[in-house]
Amino acid sequence: MPKISPKTATQRVAAAQPVTVRPGQVRPGPVPPSEPLIGTRTWLTLIIVGFAGQLAWTVENMYLNVFVYNTISTNPAVLALLVSSSAVVATVATFLVGAASDRAGRRRAFIAGGYILWGLSTAAFGFVQTSAAAAFLPGANAVVLAIIAIVLLDAVMSFFGSGANDAAFNAWVTESTAPANRGKVEGVLSILPLLSMLVIFGLLDGLTQDGHWKLFFGIIGAVTALIGVFAWFMLRDSSTLVVSGDSYLRSVIHGLRPSVMRTNPRLYWALAAWLVVGTCTQVFLPYLIIYIQRYLRIDGYAIILAVVLVSAAVLSILGGRLIDKVGKLVSVLPATAILVAGLVGMFFARGMGPVMVAGTVMMAGFMLTTAAISGLVRDYTPPERVGNVQGLRMIFAVMVPMVLGPFAGAAVIAGAAETYVDLGVVKSVPTPWIFLAAAVIAVFTVFPVLRLRRATAVAGA
Numbered sequence: 006m007p008k009i010s011p012k013t014a015t016q017r018v019a020a021a022q023p024v025t026v027r028p029g030q031v032r033p034g035p036v037p038p039s040e041p042l043i044g045t046r047t048w049l050t051l052i053i054v055g056f057a058g059q060l061a062w063t064v065e066n067m068y069l070n071v072f073v074y075n076t077i078s079t080n081p082a083v084l085a086l087l088v089s090s091s092a093v094v095a096t097v098a099t100f101l102v103g104a105a106s107d108r109a110g111r112r113r114a115f116i117a118g119g120y121i122l123w124g125l126s127t128a129a130f131g132f133v134q135t136s137a138a139a140a141f142l143p144g145a146n147a148v149v150l151a152i153i154a155i156v157l158l159d160a161v162m163s164f165f166g167s168g169a170n171d172a173a174f175n176a177w178v179t180e181s182t183a184p185a186n187r188g189k190v191e192g193v194l195s196i197l198p199l200l201s202m203l204v205i206f207g208l209l210d211g212l213t214q215d216g217h218w219k220l221f222f223g224i225i226g227a228v229t230a231l232i233g234v235f236a237w238f239m240l241r242d243s244s245t246l247v248v249s250g251d252s253y254l255r256s257v258i259h260g261l262r263p264s265v266m267r268t269n270p271r272l273y274w275a276l277a278a279w280l281v282v283g284t285c286t287q288v289f290l291p292y293l294i295i296y297i298q299r300y301l302r303i304d305g306y307a308i309i310l311a312v313v314l315v316s317a318a319v320l321s322i323l324g325g326r327l328i329d330k331v332g333k334l335v336s337v338l339p340a341t342a343i344l345v346a347g348l349v350g351m352f353f354a355r356g357m358g359p360v361m362v363a364g365t366v367m368m369a370g371f372m373l374t375t376a377a378i379s380g381l382v383r384d385y386t387p388p389e390r391v392g393n394v395q396g397l398r399m400i401f402a403v404m405v406p407m408v409l410g411p412f413a414g415a416a417v418i419a420g421a422a423e424t425y426v427d428l429g430v431v432k433s434v435p436t437p438w439i440f441l442a443a444a445v446i447a448v449f450t451v452f453p454v455l456r457l458r459r460a461t462a463v464a465g466a
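In case it helps, the working numbering puts the sequence shown at residues 6 to 466.
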C-alpha cells in the first residue's frame with residue numbers, strides 16, 4: 006500500500022480555522038466515499054439518541070392513553086382527542102424548528118436543548134390527577150379539569166419532543182446517511198420504537214400496574230433529559246448540512262407550495278404512501294394494550310408484546326439489508342402485504358400463541374413498510390430543505406394519520422358496542438374489528454405507490 010503522508014503545517018492551520026457557511030453553501034467536510042460508511046460515533050449517537058426519543062414517544066403514544074383510561078376517563082373520544090391534538094401541535098413544532106435549524110445551519114443545539122425540555126415535561130404527567138384538579142378548583146368538574154390539563158401538557162410535551170426529535174434529529178439522520186445505506190439505517194431505526202416498548206414493558210410496566218404513575222413518568226423524563234445532555238457532547242453536525250438562504254417564513258411554508266409539489270412529485274407520492282400506512286396503524290395502536298387486557302382478557306400481555314417485539318425487530322433488521330439490495334420502491338408493496346396479512350391474522354387470533362404469531366407478522370410488516378417509505382422520503386429530500394421536509398413528514402406520517410386513525414378506531418369500537426362493568430361503571434372495550442378496519446385502509450397504499458413508480462420512470466427517462 007502507498008504510504009499516506011501527514012498533513013503539512015499549512016493544512017493543519019487551515020483546518021483549525023473557523024469556516025463561515027453562507028446560505029446555500031454546503032458545510033465543508035471530507036468527500037464521501039463511493040461506498041459510504043457510517044462511523045461508530047454516528048451509529049452510537051443515532052441509536053442512543055433515537056432510542057431515548059422512542060422511550061418518550063412510547064409513553065406518550067401508548068401509556069398516556071392507559072393512564073387517562075385508568076385514572077381520568079374511559080371515553081374513547083377523549084383518547085382520540087388527546088392523540089389528534091398532540092399530532093397537530095407536533096406538526097407545527099416540526100415545521101417551526103425544522104426551518105429554524107435549516108437557517109441556523111446546525112442541529113445539535115436543537116436536539117440537546119429540546120430533549121432536556123422534553124424530559125421535564127414528560128415527568129410532569131404524573132402530577133395530573135382528578136384529585137389534584139378537585140383540590141385546585143373545588144367547585145368545578147374535576148374530570149373535565151383533568152382532561153383539559155392533560156391535553157395542554159401533552160401539547161407542551163409534543164412541541165418540545167417533535168422539535169428535538171422529529172425536526173432536528175431526523176434532519177441530522179438524513180444528512181448523516183446516504184441512499185446506499187438508508188435501508189439498513191431505517192431498519193435499525195424502525196426497531197427502536199419496539200425495543201422501547203420492550204424495555205418499558207419489562208422494567209417499568211409493574212409501576213403502572215400498581216398505580217405508581219409519578220415514578221413511571223419521572224423515570225422516563227429523567228432518562229430523556231439526560232440523553233439531551235449526552236447529545237450535546239456526543240453529536241456532531243453533518244458535513245453535508247446545507248444552510249437555507251430563504252427568510253424564516255419562506256423556509257417554514259416552502260414545502261406547502263403547489264409549485265414545489267409539482268417539481269418534486271416523487272417526494273410527495275412517497276409521503277402520501279406514508280400517510281396511508283400511518284393512518285392504518287393509528288386505527289389500532291392507541292387501543293392495543295387495552296384490547297389485549299380487556300377484550301382478550303390476557304393478563305400477561307407484557308409477555309406477548311415482548312415476544313412480538315423481539316421477533317419483529319430481528320425480521321426488521323434482516324429486512325432492512327434486503328431493502329438496500331432489492332430497492333426501497335420495490336419493497337414497499339410486499340412489505341405492505343405482510344402488514345395486511347398480520348392485521349387479518351390479529352382479527353382472528355385468540356389466545357396467547359396465535360396473538361404472538363399474528364402480532365409478529367403485523368409488526369414486522371409495519372416496520373418494513375415504514376423503513377422502505379422513510380428511506381424513499383430521505384432519498385427524495387432536497388439537501389437545502391432537510392429540516393423543512395421533516396415538517397412535511399409530520400403532516401403525512403403523523404398529524405393526518407393521528408387525527409383520522411384514532412377517531413376511525415373509536416368509531417369502530419363504538420359501533421361494536423362491546424362493554425364491561427368495572428366497579429359499577431360501564432366501560433367501552435376495543436374489539437377485533439379495529440384490525441380489519443386497519444387492513445382495509447392499508448390496501449389503499451397501492452395507489453400512491455403506483456403513482457410513485459410512474460413518477461420515478463418519468464424521472465429516469
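Glycine is no exception: its CB is placed at the ideal position from the N, C-alpha and C atoms.
For the structure I just gave you, are there three or more beta carbon pairs, one from the stretch 175–186 and one from the stretch 276–284, closer than 8 Å?
Too few Cβ pairs lie closer than 8 Å, so no.
Please classify valine 375: is it buried, with 16 or more other beta-carbons within 10 angstroms of its beta-carbon, or exposed?
Taking the sequence shown and counting its residues from 1, one reaches residue 375 at position 370. One point to set straight first is that residue 375 is threonine, not valine, in the sequence displayed. The residue is buried, with at least 16 neighbouring Cβ atoms inside 10 Å.
Please report the distance separating the alpha-carbon of leucine 51 from that of threonine 127.
In the sequence shown, counting from the first residue as 1, residue 51 sits at position 46. In the sequence shown, counting from the first residue as 1, residue 127 sits at position 122. Going by the C-alpha atoms only, they are around 21 Å apart.
So which of Thr96, Ala105, Asp210 has the shortest CA-CA distance to methionine 67?
Within the sequence shown, residue 67 is the residue found at index 62, counting from 1. Measuring from the Cα of methionine 67, the nearest candidate turns out to be Asp210.
Quick check on alanine 21: buried or exposed, where buried means 16 or more other Cβ atoms within 10 Å of its Cβ?
Taking the first residue of the sequence shown as 1, we reach residue 21 at position 16. Residue confidence is low: alanine 21 scores 37 on pLDDT, short of 50, so the model does not pin down where it sits. No coordinate-derived value is stated.
Secondary structure at isoleucine 446, three-state DSSP: helix, strand or coil?
By 1-based counting over the sequence shown, the position of residue 446 is 441. Helix.
State the Cα-Cα distance for the pair arginine 27 and asparagine 393, rounded to the nearest angstrom.
As a first step, residue 27 is located in the sequence shown; it is residue number 22 there, counting from the start. As a first step, residue 393 is located in the sequence shown; it is residue number 388 there, counting from the start. Because arginine 27 carries a pLDDT of 47, less than 50, the predicted location of this residue cannot be relied on, and the following value inherits that uncertainty. Approximately 18 Å, taken between the alpha carbons.
Which of the three DSSP states is assigned to phenylalanine 452 in this structure?
In the sequence shown, residue 452 corresponds to position 447, counting from 1. In this structure, phenylalanine 452 counts as helix in the three-state DSSP scheme.
Secondary structure at histidine 217, three-state DSSP: helix, strand or coil?
The residue labelled residue 217 in the question sits at position 212 within the sequence shown. Correct three-state label for histidine 217: coil.
Within 10 angstroms of the Cβ of aspartate 215, are there 16 or more other Cβ atoms? Answer buried if so, exposed if not.
Reading the sequence shown from its first residue, position 210 is the one you call residue 215. It is exposed - the Cβ of aspartate 215 has fewer than 16 other Cβ atoms within 10 Å.
How about glycine 166 and alanine 61: are their beta carbons less than 7 Å apart?
As a working note, residue 166 is residue 161 in the sequence shown. As a working note, residue 61 is residue 56 in the sequence shown. A contact, by the Cβ cut-off of 7 Å.
Using 8 Å for Cβ pairs, my map puts phenylalanine 206 next to leucine 310. What's the rounded Cβ distance?
Position 201 of the sequence shown holds residue 206. Position 305 of the sequence shown holds residue 310. Their Cβ separation, rounded to whole angstroms, is 5 Å, which keeps phenylalanine 206 and leucine 310 in contact under 8 Å.
Excluding five sequence neighbours on each side, which residues of the same chain lie with their C-beta closer than 6 Å to the C-beta of proline 119?
Reading the sequence shown from its first residue, position 114 is the one you call residue 119. Proline is not the amino acid found at residue 119; the sequence shown has glycine there. Phe165, Gly168, Ala169, listed in sequence order.
Assuming the contact rule is C-beta atoms closer than 8 Å, threonine 76 and arginine 271 should be a hit. Round their C-beta distance to whole Å, please.
Within the sequence shown, the letter at position 71 stands for residue 76. Within the sequence shown, the letter at position 266 stands for residue 271. About 46 Å separates the two Cβ atoms, so there is no contact after all.
Taking only three categories from DSSP, how would you classify valine 133?
Working through the sequence shown from its first residue, we reach residue 133 at position 128. Residue state, collapsed to three classes: coil.
For a test of the three-state rule: what should DSSP assign to leucine 435, helix, strand or coil?
Stepping through the sequence shown from its first residue, residue 435 is reached at position 430. The displayed chain sequence assigns proline, not leucine, to residue 435. It is coil, neither helix nor strand.
Which same chain residues, not among the five before or five after serine 379, have their C-beta less than 7 Å away from its C-beta?
Sequence index remark: in the sequence shown, residue 379 carries index 374 (1-based). Once the five neighbours on either side are set aside, the close Cβ partners of serine 379 are Glu191.
Which of the three DSSP states is assigned to tyrosine 253 in this structure?
Along the sequence shown, read from residue 1 onward, the residue named residue 253 stands at position 248. Three-state result, tyrosine 253: helix.
If you follow the alpha helix (DSSP H) that serine 201 is part of, which residue opens it and which one closes it?
Residue mapping note: residue 201 aligns to position 196 of the sequence shown, counting from 1. In this chain, the alpha helix (DSSP H) harbouring serine 201 covers 187–208.
Looking at the unbroken alpha helix (DSSP H) that takes in glycine 356, where does it start and where does it end?
Position 351 of the sequence shown, counted from the first residue, corresponds to residue 356. Under the DSSP assignment, glycine 356 falls outside any alpha helix (DSSP H); it carries neither an H nor an E label.
Using beta-carbon positions only, say whether phenylalanine 289 and alanine 443 come within less than 7 Å of one another.
Translated into the one-based positions of the sequence shown, residue 289 becomes position 284. Translated into the one-based positions of the sequence shown, residue 443 becomes position 438. In contact: phenylalanine 289 and alanine 443 (Cβ atoms closer than 7 Å).
Any idea if phenylalanine 353 is buried or exposed, counting beta-carbon neighbours within 10 angstroms, 16 or more meaning buried?
Taking the first residue of the sequence shown as position 1, residue 353 is located at position 348. So phenylalanine 353 ends up on the exposed side.
Kindly indicate the opening and closing residues of the alpha helix (DSSP H) around methionine 162.
As a position in the sequence shown, residue 162 is number 157, starting the count at 1. Unbroken alpha helix (DSSP H) run through methionine 162: 147–166.
Which class does leucine 240 belong to by DSSP, given the choice of helix, strand or coil?
Translated into the one-based positions of the sequence shown, residue 240 becomes position 235. Correct three-state label for leucine 240: coil.
With DSSP as the reference, label threonine 182 as helix, strand or coil.
Within the sequence shown, residue 182 is the residue found at index 177, counting from 1. It is coil, neither helix nor strand.
Applying the criterion that 16 or more other CB atoms from any shown protein chain within 10 Å of the CB defines a buried residue, is lysine 330 buried or exposed?
By 1-based counting over the sequence shown, the position of residue 330 is 325. In the assembly as shown, lysine 330 is an exposed residue. Its beta-carbon has fewer than 16 other beta-carbons within 10 Å.
Count the C-beta pairs between the stretch 360–369 and the stretch 253–268 that are closer than 8 Å, then say yes if the count reaches three, no if not.
no
Could you give the DSSP three-state label for glycine 350: helix, strand or coil?
For the purposes of this step, residue 350 is taken as the residue at position 345 of the sequence shown. Glycine 350: helix per DSSP, three-state reduction.
Assess, as a yes-or-no matter, whether the stretch 83–97 is touched by the stretch 383–392 under the definition of 3 or more beta carbon pairs within less than 8 Å.
With the cut-off at 8 Å, the stretch 383–392 and the stretch 83–97 do not touch.
By Cβ distance below 6 Å, which residues in the same chain neighbour asparagine 308 in space, the five residues on each side in sequence not counted?
Start at 1 with the first residue of the sequence shown, and residue 308 comes out as number 303. Checking the sequence shown, residue 308 turns out to be isoleucine, not asparagine. Listed in chain order, the non-local C-beta contacts of isoleucine 308 below 6 Å within the same chain number zero, local neighbours out to five positions each way being set aside.
Between the alpha carbons of tyrosine 296 and arginine 458, how many angstroms are there, rounded?
Counted from its first residue, the sequence shown places residue 296 at position 291. Counted from its first residue, the sequence shown places residue 458 at position 453. Distance between the alpha carbons of tyrosine 296 and arginine 458: 37 Å.
Exposed or buried, which one is alanine 419 when buried takes at least 16 other CB atoms within 10 Å?
Numbered from 1 along the sequence shown, position 414 holds the residue referred to as residue 419. Result: exposed.
Straight-line CA distance for proline 437 to arginine 299?
Your numbering for residue 437 matches position 432 in the sequence shown. Your numbering for residue 299 matches position 294 in the sequence shown. Roughly 12 Å separates the two Cα atoms.
Counting along the chain, where does the alpha helix (DSSP H) carrying aspartate 107 start and finish?
Within the sequence shown, the letter at position 102 stands for residue 107. Segment 81–109, the alpha helix (DSSP H) holding aspartate 107.
Taking the alpha-carbon of tyrosine 253 as reference, which of Ala104, Val405, Val193 has the nearest alpha-carbon?
For the purposes of this step, residue 253 is taken as residue 248 along the sequence shown, with counting starting at 1. Nearest of Ala104, Val405, Val193 to tyrosine 253, Cα basis: Ala104.
Please determine, among Leu397, Trp237, Arg112, Leu150, the residue with the shortest C-alpha to C-alpha distance to glutamate 180.
Position 175 of the sequence shown, counted from the first residue, corresponds to residue 180. Closest by C-alpha distance to glutamate 180, out of Leu397, Trp237, Arg112, Leu150, is Arg112.
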